[in-house]
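In what follows, a structure is listed as structure tokens, so that the remarks can point back to it.
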Amino acid sequence: MADDHTDADQSMEGHTPVSENPHAEFGLTENLQRTVENEKVSAEKLSKQKVDLQALPTRAYLDQTVVPILLQGLSVLAKERPPNPIEYLAAFLLKNKSQFEERS
């Protein structure tokens with residue numbers, strides 16, 4: 002088996018040894034490490050924010066989660082005055098929820 006190892010070493014004789022990270026000279030390692038760290042911090046903040054929502058008083062919780070979309074929906078509802086206001090508001094909330102989910 003020692004001969005197998007020597008054969009492998011001999012076949013690599015003409016090749017330039019590759020450093021552990023071939024991209025290190027471009028600073029990619031540090032950039033990737035910083036990016037990973039930033040993502041971890043963002044994820045921690047996001048999970049902390051979700052926990053904080055549960056700890057908020059009722060008024061603050063509602064102000065941060067549903068009041069903005071409700072105000073916009075009620076404003077549109079008041080202007081349009083549809084014959085079925087509850088269904089109209091429900092449809093508005095479902096249609097526009099993605100715009101407000103990112104904020105809360």
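Just remember that the numbering used here sits 1 ahead of the position in the sequence shown, which is counted from 1. We put the CB at the ideal spot given by N, CA and C, even for glycine. No experiment lies behind these values; they were computed from the predicted model shown.
- Relative to the Cα of Leu-71, the nearest Cα in the group Tyr-89, Pro-84, Pro-58 belongs to Tyr-89.
- Looking from the CA of Gln-100, the closest CA among Pro-84, Asn-85, Gln-73, Pro-86 belongs to Gln-73.
- The DSSP-derived three-state label of Pro-58 is coil.
- For the pair Asp-53 and Lys-96, the Cα-to-Cα distance works out to about 27 Å.
- Counting only the Cα atoms, Pro-86 lies some 7 Å from Leu-78.
- Boundaries of the alpha helix (DSSP H) around Pro-86: 86-102.
- Sequence-distant Cβ neighbours of Tyr-62 in its own chain, meaning closer than 7 Å and more than five residues away, are Leu-54.
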